[in-house]
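The C-terminal position of the sequence shown is numbered 259 in numbering that gives the first Met the number 0, with every residue numbered one higher than the one before it.
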Amino acid sequence: MPSVSISIVLYNNTVKTVNNLVRNIEKSTNDLSDVKLYLVNNSPENESLTTYLRTFESTGWIKTIVPETNGGFGSGNNLVLPYLHSDYHIVMNPDIMISSERELDKMIEYLENNTDVGLLSPLIKFPNGEIQHLLKRKSSVLDMAIRFISLPGTERRKAWFINLPDGYSHTHKAENVPGSFLVFRTSVFKKIGGFDEKYFLYMEDCDITMKVNEVSNTVFFPNAFVYHEWQRENRKSIKGIYHMISSMFVYFNKWGWKLY
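Right, here's the structure in full:
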(Lines of atoms letter the chains of each structure in order from A and count residues from 1; the text may use other names and numbers.)
(Lines give C-alpha, C1' and ligand atoms only; values in the text may rest on other atoms or scores of the structure.)
Protein backbone atom coordinates (compact mmCIF):
# COMPACT_ATOMS: atom_id res chain seq x y z
CA MET A 1 0.00 0.00 0.00
CA PRO A 2 1.56 3.34 -1.03
CA SER A 3 2.25 5.98 1.61
CA VAL A 4 0.74 9.46 1.37
CA SER A 5 1.65 12.77 2.97
CA ILE A 6 -0.45 15.93 2.92
CA SER A 7 0.51 19.53 3.62
CA ILE A 8 -1.93 22.35 4.30
CA VAL A 9 -0.87 25.95 4.83
CA LEU A 10 -3.17 27.78 7.24
CA TYR A 11 -3.52 31.50 7.85
CA ASN A 12 -5.69 32.66 10.76
CA ASN A 13 -8.21 29.91 10.07
CA THR A 14 -10.95 29.26 12.60
CA VAL A 15 -11.02 26.26 14.92
CA LYS A 16 -14.17 25.07 13.16
CA THR A 17 -12.50 25.18 9.74
CA VAL A 18 -9.46 23.26 10.96
CA ASN A 19 -11.54 20.67 12.77
CA ASN A 20 -13.74 20.04 9.73
CA LEU A 21 -10.66 19.84 7.54
CA VAL A 22 -8.89 17.27 9.71
CA ARG A 23 -12.02 15.15 10.06
CA ASN A 24 -12.55 15.19 6.30
CA ILE A 25 -8.97 14.07 5.64
CA GLU A 26 -9.23 11.40 8.32
CA LYS A 27 -12.35 10.00 6.67
CA SER A 28 -11.15 10.28 3.07
CA THR A 29 -7.83 8.53 3.78
CA ASN A 30 -9.45 5.69 5.69
CA ASP A 31 -8.39 3.13 3.06
CA LEU A 32 -4.73 4.16 3.28
CA SER A 33 -2.56 2.56 5.93
CA ASP A 34 0.30 5.09 5.92
CA VAL A 35 -0.77 8.75 6.01
CA LYS A 36 0.97 11.80 7.45
CA LEU A 37 -0.65 15.23 7.68
CA TYR A 38 1.39 18.43 8.07
CA LEU A 39 -0.45 21.53 9.29
CA VAL A 40 1.58 24.69 8.68
CA ASN A 41 0.50 27.77 10.64
CA ASN A 42 1.54 30.65 8.39
CA SER A 43 0.13 33.08 10.95
CA PRO A 44 2.77 32.41 13.65
CA GLU A 45 1.59 35.35 15.73
CA ASN A 46 -1.74 33.53 16.18
CA GLU A 47 -0.67 31.50 19.19
CA SER A 48 -4.17 30.25 19.92
CA LEU A 49 -4.28 28.58 16.49
CA THR A 50 -0.88 26.99 17.09
CA THR A 51 -2.05 25.69 20.46
CA TYR A 52 -5.15 24.17 18.88
CA LEU A 53 -3.18 22.58 16.04
CA ARG A 54 -0.82 20.92 18.50
CA THR A 55 -3.75 19.11 20.11
CA PHE A 56 -3.89 16.90 17.02
CA GLU A 57 -0.30 15.71 17.42
CA SER A 58 -1.34 13.11 19.98
CA THR A 59 -2.95 11.19 17.10
CA GLY A 60 0.52 10.26 15.87
CA TRP A 61 -0.18 11.03 12.20
CA ILE A 62 -0.46 14.83 12.36
CA LYS A 63 2.46 17.24 12.76
CA THR A 64 2.26 21.00 13.30
CA ILE A 65 4.87 23.29 11.76
CA VAL A 66 5.13 26.97 12.72
CA PRO A 67 7.62 29.17 10.82
CA GLU A 68 9.12 32.25 12.43
CA THR A 69 7.56 34.45 9.73
CA ASN A 70 4.98 34.07 6.98
CA GLY A 71 6.98 33.46 3.80
CA GLY A 72 3.96 32.78 1.62
CA PHE A 73 2.14 29.76 0.22
CA GLY A 74 5.12 28.11 -1.46
CA SER A 75 7.47 28.70 1.43
CA GLY A 76 4.95 27.24 3.87
CA ASN A 77 4.54 24.08 1.83
CA ASN A 78 8.30 23.70 1.42
CA LEU A 79 8.71 23.44 5.20
CA VAL A 80 7.56 19.82 4.97
CA LEU A 81 10.30 18.79 2.52
CA PRO A 82 12.79 17.57 5.18
CA TYR A 83 10.11 15.29 6.65
CA LEU A 84 8.84 13.65 3.46
CA HIS A 85 9.37 9.92 3.01
CA SER A 86 6.05 9.17 1.33
CA ASP A 87 5.34 7.79 -2.13
CA TYR A 88 2.89 10.60 -2.91
CA HIS A 89 2.54 14.09 -1.50
CA ILE A 90 -0.62 16.19 -1.64
CA VAL A 91 -0.65 19.97 -1.40
CA MET A 92 -4.14 21.22 -0.62
CA ASN A 93 -5.87 24.41 0.43
CA PRO A 94 -7.89 24.57 3.66
CA ASP A 95 -11.04 25.32 1.63
CA ILE A 96 -10.89 21.93 -0.13
CA MET A 97 -13.13 19.01 0.78
CA ILE A 98 -12.44 15.50 -0.47
CA SER A 99 -15.83 14.05 -1.33
CA SER A 100 -15.09 10.43 -0.40
CA GLU A 101 -12.25 8.02 0.30
CA ARG A 102 -12.71 6.48 -3.14
CA GLU A 103 -11.75 9.75 -4.88
CA LEU A 104 -8.28 9.77 -3.36
CA ASP A 105 -7.89 6.05 -4.05
CA LYS A 106 -8.53 6.67 -7.75
CA MET A 107 -5.87 9.38 -7.91
CA ILE A 108 -3.25 7.21 -6.22
CA GLU A 109 -4.18 4.21 -8.36
CA TYR A 110 -3.68 6.25 -11.53
CA LEU A 111 -0.24 7.40 -10.39
CA GLU A 112 0.70 3.85 -9.44
CA ASN A 113 -0.15 2.71 -12.97
CA ASN A 114 1.46 5.68 -14.76
CA THR A 115 4.98 6.09 -13.46
CA ASP A 116 5.80 8.78 -16.04
CA VAL A 117 3.40 11.18 -14.30
CA GLY A 118 4.87 13.39 -11.58
CA LEU A 119 1.88 15.62 -10.83
CA LEU A 120 -1.85 14.94 -10.96
CA SER A 121 -4.59 17.56 -10.87
CA PRO A 122 -8.13 16.21 -10.33
CA LEU A 123 -11.40 17.76 -11.41
CA ILE A 124 -12.38 20.57 -9.04
CA LYS A 125 -16.00 21.44 -8.36
CA PHE A 126 -17.92 24.06 -6.46
CA PRO A 127 -19.88 22.63 -3.49
CA ASN A 128 -23.01 22.69 -5.69
CA GLY A 129 -21.33 20.31 -8.14
CA GLU A 130 -20.57 22.85 -10.87
CA ILE A 131 -17.16 22.37 -12.51
CA GLN A 132 -14.56 25.05 -11.83
CA HIS A 133 -12.71 25.92 -15.03
CA LEU A 134 -9.27 26.26 -13.51
CA LEU A 135 -7.06 24.59 -16.10
CA LYS A 136 -5.17 27.14 -18.13
CA ARG A 137 -2.83 27.44 -21.06
CA LYS A 138 0.73 28.64 -20.48
CA SER A 139 0.54 32.11 -19.00
CA SER A 140 1.19 35.18 -21.14
CA VAL A 141 1.34 38.83 -20.10
CA LEU A 142 -1.89 39.54 -21.96
CA ASP A 143 -3.80 36.66 -20.37
CA MET A 144 -2.68 37.54 -16.86
CA ALA A 145 -3.53 41.21 -17.42
CA ILE A 146 -7.08 40.62 -18.64
CA ARG A 147 -7.78 38.12 -15.87
CA PHE A 148 -6.57 40.65 -13.34
CA ILE A 149 -8.17 43.77 -14.84
CA SER A 150 -11.62 43.48 -16.43
CA LEU A 151 -11.50 45.07 -19.86
CA PRO A 152 -14.33 45.27 -22.41
CA GLY A 153 -13.96 43.04 -25.45
CA THR A 154 -11.71 40.47 -23.78
CA GLU A 155 -14.33 37.81 -22.98
CA ARG A 156 -13.36 35.56 -25.91
CA ARG A 157 -9.70 35.65 -24.96
CA LYS A 158 -10.54 34.84 -21.33
CA ALA A 159 -12.63 31.87 -22.46
CA TRP A 160 -9.81 30.70 -24.76
CA PHE A 161 -7.35 30.80 -21.85
CA ILE A 162 -9.36 28.39 -19.67
CA ASN A 163 -11.41 26.38 -22.18
CA LEU A 164 -8.76 24.07 -23.56
CA PRO A 165 -9.17 21.94 -26.71
CA ASP A 166 -8.79 18.81 -24.56
CA GLY A 167 -11.56 20.04 -22.28
CA TYR A 168 -12.50 18.81 -18.83
CA SER A 169 -13.98 15.43 -19.75
CA HIS A 170 -10.96 13.16 -20.17
CA THR A 171 -7.42 12.63 -18.88
CA HIS A 172 -4.73 14.61 -20.67
CA LYS A 173 -1.39 16.31 -20.15
CA ALA A 174 -1.62 19.80 -18.69
CA GLU A 175 0.42 23.00 -18.97
CA ASN A 176 -0.95 25.01 -16.08
CA VAL A 177 -2.95 23.50 -13.21
CA PRO A 178 -4.53 25.12 -10.11
CA GLY A 179 -2.65 25.00 -6.83
CA SER A 180 -5.67 24.31 -4.64
CA PHE A 181 -5.20 20.52 -4.82
CA LEU A 182 -2.04 18.94 -6.23
CA VAL A 183 -0.99 15.29 -6.01
CA PHE A 184 2.76 14.91 -6.52
CA ARG A 185 4.93 11.87 -6.86
CA THR A 186 7.06 12.72 -3.83
CA SER A 187 10.33 11.91 -5.60
CA VAL A 188 9.44 14.50 -8.27
CA PHE A 189 8.36 17.10 -5.71
CA LYS A 190 11.70 16.70 -3.94
CA LYS A 191 13.69 16.62 -7.18
CA ILE A 192 12.40 20.05 -8.23
CA GLY A 193 12.92 21.44 -4.73
CA GLY A 194 9.24 22.08 -4.11
CA PHE A 195 7.85 25.53 -4.77
CA ASP A 196 9.84 28.58 -5.83
CA GLU A 197 9.77 30.73 -2.70
CA LYS A 198 10.17 33.96 -4.66
CA TYR A 199 6.38 33.87 -5.10
CA PHE A 200 4.55 35.00 -1.98
CA LEU A 201 1.09 34.52 -3.47
CA TYR A 202 -0.25 33.88 -6.99
CA MET A 203 1.37 32.14 -9.96
CA GLU A 204 3.27 29.61 -7.85
CA ASP A 205 0.99 26.97 -9.36
CA CYS A 206 1.86 28.09 -12.92
CA ASP A 207 5.54 27.92 -11.98
CA ILE A 208 5.49 24.50 -10.36
CA THR A 209 3.62 22.98 -13.31
CA MET A 210 6.41 24.26 -15.56
CA LYS A 211 9.04 22.83 -13.20
CA VAL A 212 7.39 19.41 -13.07
CA ASN A 213 7.04 19.28 -16.85
CA GLU A 214 10.78 19.81 -17.22
CA VAL A 215 11.51 16.52 -15.44
CA SER A 216 8.24 14.56 -15.67
CA ASN A 217 4.61 15.04 -16.76
CA THR A 218 1.59 16.84 -15.33
CA VAL A 219 -1.81 15.27 -15.95
CA PHE A 220 -5.36 16.50 -15.52
CA PHE A 221 -7.41 13.57 -14.17
CA PRO A 222 -11.19 14.18 -14.23
CA ASN A 223 -12.07 10.66 -13.08
CA ALA A 224 -11.71 11.89 -9.50
CA PHE A 225 -12.78 15.20 -8.01
CA VAL A 226 -12.65 17.41 -4.93
CA TYR A 227 -14.84 20.29 -3.79
CA HIS A 228 -13.41 23.80 -3.54
CA GLU A 229 -15.20 26.57 -1.66
CA TRP A 230 -13.08 29.23 -3.39
CA GLN A 231 -11.94 31.27 -0.40
CA ARG A 232 -9.18 33.52 -1.66
CA GLU A 233 -7.61 36.93 -1.17
CA ASN A 234 -9.25 39.74 -3.12
CA ARG A 235 -6.98 40.40 -6.10
CA LYS A 236 -8.36 43.91 -6.43
CA SER A 237 -7.24 44.95 -2.96
CA ILE A 238 -4.01 46.95 -2.77
CA LYS A 239 -2.26 43.96 -1.21
CA GLY A 240 -3.68 41.61 -3.84
CA ILE A 241 -2.53 43.89 -6.67
CA TYR A 242 0.95 44.09 -5.16
CA HIS A 243 1.30 40.32 -4.81
CA MET A 244 -0.03 39.67 -8.32
CA ILE A 245 2.27 42.16 -10.03
CA SER A 246 5.27 40.94 -8.02
CA SER A 247 4.52 37.34 -8.97
CA MET A 248 4.09 38.24 -12.64
CA PHE A 249 7.56 39.80 -12.71
CA VAL A 250 9.07 36.75 -11.00
CA TYR A 251 7.33 34.35 -13.39
CA PHE A 252 8.06 36.12 -16.67
CA ASN A 253 11.64 36.94 -15.72
CA LYS A 254 12.13 33.24 -15.06
CA TRP A 255 10.23 31.66 -17.96
CA GLY A 256 10.36 34.41 -20.59
CA TRP A 257 8.15 37.36 -21.40
CA LYS A 258 5.49 35.75 -23.57
CA LEU A 259 3.34 38.75 -24.49
CA TYR A 260 0.26 36.95 -25.90
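In this text, a Cβ means the ideal position worked out from N, Cα and C, and glycines have one as well.
All of these numbers come straight from a predicted model, not from anything done at the bench.
- With respect to Val79, Val34 sits apart: the two C-beta atoms are not nearer than 9 Å.
- Taking a cut-off of 8 Å on C-beta distances, the region 2-16 touches the region 88-96, as three or more cross pairs fall below it.
- In the DSSP assignment, His242 falls within the alpha helix (DSSP H) that extends over 237-254.
- Within the same chain, Cβ atoms closer than 6 Å to the Cβ of Ser27 are found at Ile97, Glu100, Leu103, the five residues on either side in sequence being excluded.
- The three-state secondary structure of Val214, taken from DSSP, is helix.
- The three-state secondary structure of Ala173, taken from DSSP, is coil.
- A straight line joining the alpha-carbon of Glu111 with that of Lys124 spans about 24 Å.
- Counting only the Cα atoms, Glu67 lies some 33 Å from Pro121.
- Taking all protein chains in view, the Cβ of Leu134 is crowded by 16 or more other Cβ atoms within 10 Å, so the residue is classified as buried.
- In this structure, the CA atom of Lys210 is about 36 Å from the CA atom of Thr50.
- Cβ-Cβ separation between His242 and Leu200: approximately 4 Å, consistent with a contact (criterion under 8 Å).
- For Lys137, there is no enclosing alpha helix (DSSP H), since its DSSP letter is neither H nor E.
- For Val182, the enclosing beta strand (DSSP E) begins and ends at 180-184.
- DSSP, reduced to helix, strand and coil, places Lys257 outside both helices and strands of the structure shown, so it counts as coil.
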